[in-house]
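K.L.:
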Amino acid sequence: MSAPADPQAPAPAPAARSERSHRRPFSSWREHHGWSAGASLRRLASKPVGSLLTIAVMGLALALPLAFYLLLSNVQSLGDALGRNQVINVFLKTDQVAGNAQLLAKQIGQHDGVATVTVKSPQQGLDELSKMQGFSDALHALDDNPLPFVLEVQPQAGISAEAASRLVDDLRGMQGVDLVQDSGTWRQRLDALLGVGNRAVLILAALFALAVLLVVGNTVRVDITSRAEEIGVLKLIGASRAFVRRPYLYAGIWYGLFSGVLAVVLALAIEFALVEPAARLSQVYEGKLHVAGLPPWLLVAVPAAAAFLGWLGARLVSAWQLRKAA
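Using the numbering used here, the first residue of the sequence shown is number 3, and each one after it goes up by one.
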């Protein structure tokens, strides 16, 4: 038997009572969040076929933009290997001597966007032509070497088409330059194609994000409709809308998170399937082609973004359904 309370004992301080009163609602709120997360996950597990089909549809939808992103990044790498940064050949006038060629090469090497400059003498050009089929006999008939000095200008890696075009214009305006041979059209076409591809990936990502919202929203709508009586009882005993919809929000998060993880797994499977043919292609281009994989930040961001989309879809639909049922 406990001892009677001392009537002389001081009453609890108002601050202590206030702290306990604030602590109880927060503890209840936290416990309900934990219960909602677990209950929604158990409800998904209670209907495995429907849950797996929903997650599979969403995962495939999210995997497609990842696959296009992977393809696009490697198209850019392939373009570099095929000559996106192709050498610009600068043909000097025939009256230019070796000293002038070296001086001009040094001047070009200091230009922004230039990686290296190689001087090719007329004799080197003649030797290259003599190795080509059908040129040997014709070259022996020449009294003098008609070829000029040639400067092979290698642009910096990743230079844009606009910067390369400005570089070519500057080279054409230099004293002693007769002709500039450039693959600017190739670079402009490749940059335009990559721009279209980037925009297409963004559009696809937006469309499939909308698809995730719609799938989660419809799933939550069906679930709320099937549990209308249960929700009505909760409202009768004084449950708030936030209390009622909380399990559905966690259901949307689980759907989004699992579908995002599935999308990452599918994208990694596609990347793994391309490793062997990409390695053979890289050997054909003497190691110049570097196959890129999906960046780690994207692999982490996709499940997180999918979970947010699932929450958003559940939030919008559950709020609308509960307001309609009120």
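Where a beta carbon is used, it is the ideal one built from N, C-alpha and C, also for glycine.
Small disclaimer: the values here were computed from a predicted structure and weren't measured.
Could you check the C-alpha separation between LEU311 and LEU54 for me, to the nearest Å?
P.N.:
Near 18 Å, if we compare the C-alpha coordinates of LEU54 and LEU311.
K.L.:
State the start and end residues of the unbroken beta strand (DSSP E) segment that holds ALA117.
P.N.:
Its beta strand (DSSP E) spans residues 116 to 122.
K.L.:
Tell me GLU154's beta-bridge partners as DSSP assigns them.
P.N.:
According to DSSP, which records beta bridges pairwise, GLU154 is partnered with ASN91 and THR120.
K.L.:
Between ILE90 and ASP184, which are expected to be in contact by the criterion C-beta below 8 Å, what is the C-beta distance as a whole number of angstroms?
P.N.:
Indeed they touch by this definition, with Cβ atoms about 5 Å apart.
K.L.:
Exposed or buried, which one is SER48 when buried takes at least 16 other CB atoms within 10 Å?
P.N.:
With fewer than 16 Cβ atoms within 10 Å of its Cβ, SER48 is classed as exposed.
K.L.:
Can you give me the Cβ contacts of GLY315 inside the same chain, cut-off strictly under 6 Å, excluding the 5 residues immediately before and after it?
P.N.:
Around GLY315: LEU215, VAL218, GLY219 and GLY254.
K.L.:
Once you ignore the five residues that flank PHE260 on each side, which residues in its own chain have a CB closer than 6 Å to its CB?
P.N.:
Around PHE260: ILE57.
K.L.:
Would you check if the distance between the CB atom of ALA117 and the CB atom of GLN158 is smaller than 8 Å?
P.N.:
In contact: ALA117 and GLN158 (Cβ atoms closer than 8 Å).
K.L.:
Is ASP97 helix, strand or coil by DSSP?
P.N.:
ASP97 falls in the coil class under three-state DSSP.
K.L.:
According to DSSP, is GLU301 part of a helix, a strand, or is it coil?
P.N.:
The sequence shown places Leu at residue 301, not Glu. It is helical.
K.L.:
For SER284 and ASN102, what's the separation of their Cα atoms in angstroms?
P.N.:
Each residue's alpha carbon lies about 39 Å from the other.
K.L.:
Can you tell me which of the three DSSP states ASP180 falls into?
P.N.:
If DSSP states are grouped into helix, strand and coil, ASP180 belongs with the strands.
K.L.:
According to DSSP, simplified to helix, strand and coil, what is LEU259?
P.N.:
In this structure, LEU259 counts as helix in the three-state DSSP scheme.
K.L.:
Flag this pair as yes or no: are the beta carbons of LEU243 and LEU318 separated by less than 8 Å?
P.N.:
Here the sequence assigns Arg to residue 243, which means Leu is not the residue at that position. No, Cβ-Cβ distance for ARG243 and LEU318 is not below 8 Å.
K.L.:
Near GLY197, what residues of its chain come up, given a Cβ to Cβ distance below 6 Å and the 5 sequence neighbours on each side ignored?
P.N.:
Counting only Cβ-Cβ distances below 6 Å, and skipping sequence neighbours, we find nothing.
K.L.:
Which of helix, strand or coil does DSSP assign to GLN109?
P.N.:
It is helical.
K.L.:
Is ILE57 helix, strand or coil by DSSP?
P.N.:
Residue state, collapsed to three classes: helix.
K.L.:
Kindly indicate which three-state DSSP category ILE239 falls into: helix, strand or coil?
P.N.:
ILE239: coil per DSSP, three-state reduction.
K.L.:
How close, in whole Å, do the beta carbons of VAL77 and GLY199 come, if the pair is a contact with beta carbons under 8 Å?
P.N.:
Contact holds; Cβ gap of about 7 Å.
K.L.:
Please report the distance separating the alpha-carbon of ILE239 from that of LEU296.
P.N.:
Between ILE239 and LEU296, the C-alpha separation is close to 51 Å.
K.L.:
From SER162 to PRO298, what does the alpha carbon distance come to, in whole angstroms?
P.N.:
So the alpha carbons of these two residues sit roughly 26 Å apart.
K.L.:
Around the Cβ of SER29, are there at least 16 other Cβ atoms within 10 angstroms (buried) or fewer (exposed)?
P.N.:
Burial call: exposed.
K.L.:
Helix, strand or coil, according to DSSP, for LEU161 in the structure here?
P.N.:
Rather than Leu, the amino acid found at residue 161 in this sequence is Ile. Looking at ILE161 - three-state DSSP - the assignment turns out to be coil, as it is neither helix nor strand.
K.L.:
Would you mind working out which of ASP193, LYS326 and VAL267 sits nearest ILE226, comparing C-alpha positions?
P.N.:
Looking at the Cα atoms, LYS326 is the closest of the given residues.
K.L.:
If you measure between the beta carbons of VAL155 and PHE70, is that distance less than 8 Å?
P.N.:
Taking 8 Å as the Cβ cut-off, VAL155 and PHE70 do not qualify as a contacting pair.
K.L.:
Exposed or buried, PRO279, counting other C-beta atoms within 10 Å across all chains shown (16 or more means buried)?
P.N.:
By the 10 Å Cβ count, PRO279 comes out exposed.
K.L.:
Restricting to Cα atoms, I'd like to know which of LEU192, ALA306, PHE274 and ALA211 is closest to LEU66.
P.N.:
Answer by Cα proximity: ALA211.
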